[in-house]
Amino acid sequence: DAGVTQSPTHLIKTRGQQVTLRCSPKSGHDTVSWYQQALGQGPQFIFQYYEEEERQRGNFPDRFSGHQFPNYSSELNVNALLLGDSALYLCASSLAKMATNYNEQFFGPGTRLTVL
Amino acid sequence: RKEVEQDPGPFNVPEGATVAFNCTYSNSASQSFFWYRQDCRKEPKLLMSVYSSGNEDGRFTAQLNRASQYISLLIRDSKLSDSATYLCVVNGGWGTDKLIFGTGTRLQVFP
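As they're listed, the protein sequences go chains A and B. Convert by adding 6 to the 1-based position in the first sequence; the result is the number in this note's numbering. Convert by adding 1446 to the 1-based position in the second sequence; the result is the number in this note's numbering.
Rendered as structure tokens:
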């Protein structure tokens, strides 16, 4: 049973460029959340996708956008990269359940993005 | 004010020591509480959920005080393999899976 996978593992970009990160959820999961973890900080919630729609969003600018495909995999896109976008980007998957407070999230290994 | 605040680290302790981490959260609507462990340059992994009644998993004990909005983690008989960053995590409120993380507390266990 494959866990959450992310690609690429590392990426180097320059300011102003655009980047796309990819995530495949754990088998059987239908919900994908994205987090940004800057050095020395805890992960920060970017947004969550369910049924191919953005369901929740954190305090991130519109430069951050995403997509979820019918097979539940997801992409995170960041436009007009800034130096401050350098971070570990984590994807987490879960299975949406009705009438429950919280659905456990499983994290992928992350993509380390460096913006020069 | 940060939504989740943790003890500043690092904590450097000898093997066999008992160490305690504390955390406070600001959102009274949070319903789910966790401790995650993160090894250097790896993804966070769930260590344990935290319940109001307190819960124990081997050498690890977690406590939650909803009235004070305070969460703790106690590690007994520390092992070298416990060296990691411990993240205090709460969810964003009822019906949301959004996780809010503290900045983490670094633990280094030495021989």
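Idealized CB from N, CA, C, for every residue including glycine. Predicted model, so just to flag it, every value in this text is computed and none were measured.
Three-state class that DSSP yields for serine 92 of chain A in the structure shown:
The sequence position of residue 92 of chain A within the first sequence is 86, counting from 1. Looking at serine 92 of chain A - three-state DSSP - the assignment turns out to be coil, as it is neither helix nor strand.
For a test of the three-state rule: what should DSSP assign to aspartate 1528 of chain B, helix, strand or coil?
Residue mapping note: residue 1528 of chain B aligns to position 82 of the second sequence, counting from 1. Three-state result, aspartate 1528 of chain B: helix.
Burial state of serine 39 of chain A (16 or more Cβ within 10 Å):
For this step, residue 39 of chain A is matched to residue 33 along the first sequence. So serine 39 of chain A counts as buried.
Less than 8 Å between CB atoms is the rule here; does phenylalanine 66 of chain A satisfy it with respect to chain B?
Taking the first residue of the first sequence as 1, we reach residue 66 of chain A at position 60. Taking Cβ atoms only, chain B never reaches closer than 8 Å to phenylalanine 66 of chain A, which makes this a no.
Under 8 Å, do glutamate 1451 of chain B and glycine 1548 of chain B count as touching if we go by C-beta distance?
By one-based count along the second sequence, residue 1451 of chain B stands at place 5. By one-based count along the second sequence, residue 1548 of chain B stands at place 102. Contact flag set, yes.
Contacts that glutamine 47 of chain A makes with chain B (C-beta to C-beta distance below 7 Å):
Locating residue 47 of chain A in the first sequence gives position 41, counting from the first residue. Result: Thr1549.
Quick one: does phenylalanine 70 of chain A have its CB under 8 Å from some CB of chain B?
The residue labelled residue 70 of chain A in the question sits at position 64 within the first sequence. No, its Cβ sits nowhere closer than 8 Å to a Cβ of chain B.
Can you give me the C-alpha to C-alpha distance between leucine 82 of chain A and proline 1557 of chain B, rounded to a whole angstrom?
As a working mapping, residue 82 of chain A is identified with position 76 in the first sequence. As a working mapping, residue 1557 of chain B is identified with position 111 in the second sequence. Near 42 Å, if we compare the C-alpha coordinates of proline 1557 of chain B and leucine 82 of chain A.
Can you tell me whether DSSP reads aspartate 36 of chain A as helix, strand or coil?
Sequence index remark: in the first sequence, residue 36 of chain A carries index 30 (1-based). Correct three-state label for aspartate 36 of chain A: coil.
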